[in-house]
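In what follows, a single structure is set out as structure tokens and then discussed.
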Amino acid sequence: MKFTKKIAFASASLALTLATPAALLTQNAAFAKTTTVKQATKVKVTKKTTPFYHKDGSKFTKKKPYVYGGWKSTVAYKNTSYNVVKTVTIKGAKYYYIGNDAYLKASDVKVTATKTVKSSSTSSAKKASTSSSKTTSKKTSSTSSSSKSSSKKTVTQIQVTKKTTPFYHKDGSKFTKKSPYVYQGWKSTVAYKGTKYKVSKTITIKGSKYYYIGNSAYLKASAVKVIASK
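Note that the sequence shown covers residues 62 to 291 in our numbering.
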């Protein structure tokens with residue numbers, strides 16, 4: 062009888078041990094949750110003038126000013142609106158990236174438009190098992206290597222190859238004389254040959270490739286050539 066009880070007790074202990082990883086996995090899954098956050102999409106300058114910054118936090122200078130479509134300046138002017146590509150932190154301060162390698166300090170502007178995006182966060186408990194962790198690590202490493210080998214270069218700068226080429230909206234329509242593309246007082250419906258533009262992203266509109274150059278304007282890939290990528 063005593064021997065039988067010992068076997069029964071050992072069997073019960075083993076069952077609990079085997080059940081532990083599954084229980085932990087279930088617990089980990091319960092910690093995963095999705096939240097929504099607001100991101101700035103447009104800002105307006107609140108000061109009389111405010112500097113344009115590089116990604117390292119340094120300011121543009123008179124010798125090397127911020128250049129966009131022939132317009133040059135080291136500062137942005139009050140009440141001027143800019144579309145925001147992303148929000149970043151530089152040396153502990155918040156900045157808004159407005160495209161073409163230029164940033165504006167959050168303290169110098171006010172947010173005039175935002176969008177809501179989903180953000181997933183997971184609070185993990187203890188690791189389920191050492192062997193499971195090793196397997197996951199191997200899979201992750203393998204996936205990472207696969208991603209690197211199949212990754213494509215991203216276009217970062219283009220140059221206009223035609224005499225003139227239209228500026229396009231995100232729906233594929235062209236800017237018009239009544240509603241031209243406006244940037245810091247400079248107005249036009251077209252970009253000129255030889256002009257270089259920084260690219261924020263590449264998209265497809267109605268089956269054709271376009272490059273987004275910031276400030277709600279796009280250039281058709283067939284009218285430009287890629288001069289820089291990463």
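Here a beta-carbon is modelled for each residue, glycine too, at the ideal position from N, C-alpha and C.
Secondary structure of SER283 (DSSP, three-state): helix. In this structure, DSSP gives SER134 an extended state, which the three-state scheme calls strand. The way I'd put it, the region 109-123 does touch the region 150-161; three or more beta-carbon pairs between them come closer than 8 Å.
Straight-line measurement puts the Cα of THR225 at about 34 Å from the Cα of VAL170.
Taking a cut-off of 8 Å on C-beta distances, the region 116-134 does not touch the region 97-108, as fewer than three cross pairs fall below it.
Check the Cα spacing between LYS291 and each of GLN218, TYR127 and LYS166: the tightest is with GLN218.
Under the criterion of beta carbons closer than 8 Å, THR250 and THR237 qualify as touching, at roughly 6 Å.
In this structure, ALA282 lies near SER269, with their beta-carbon atoms less than 9 Å apart. Under DSSP, the beta-bridge partners assigned to ALA163 are GLY160. In this structure, the straight-line span from the alpha carbon of LYS147 to that of LYS259 is close to 15 Å. In the same chain as LEU165, and ignoring 5 residues on each side of it, the C-beta atoms closer than 8 Å to its own belong to VAL104, VAL106, THR111, PHE113, TYR114, ALA137, TYR143, TYR156, TYR157 and ILE159, in chain order. Partner residues in the beta bridge of PRO112, as assigned by DSSP, are VAL136. A Cβ-Cβ distance of about 4 Å is found for the pair THR175 and LYS99, placing them in contact under the 8 Å criterion. Taking all protein chains in view, the Cβ of GLY233 is surrounded by fewer than 16 other Cβ atoms within 10 Å, so the residue is classified as exposed.
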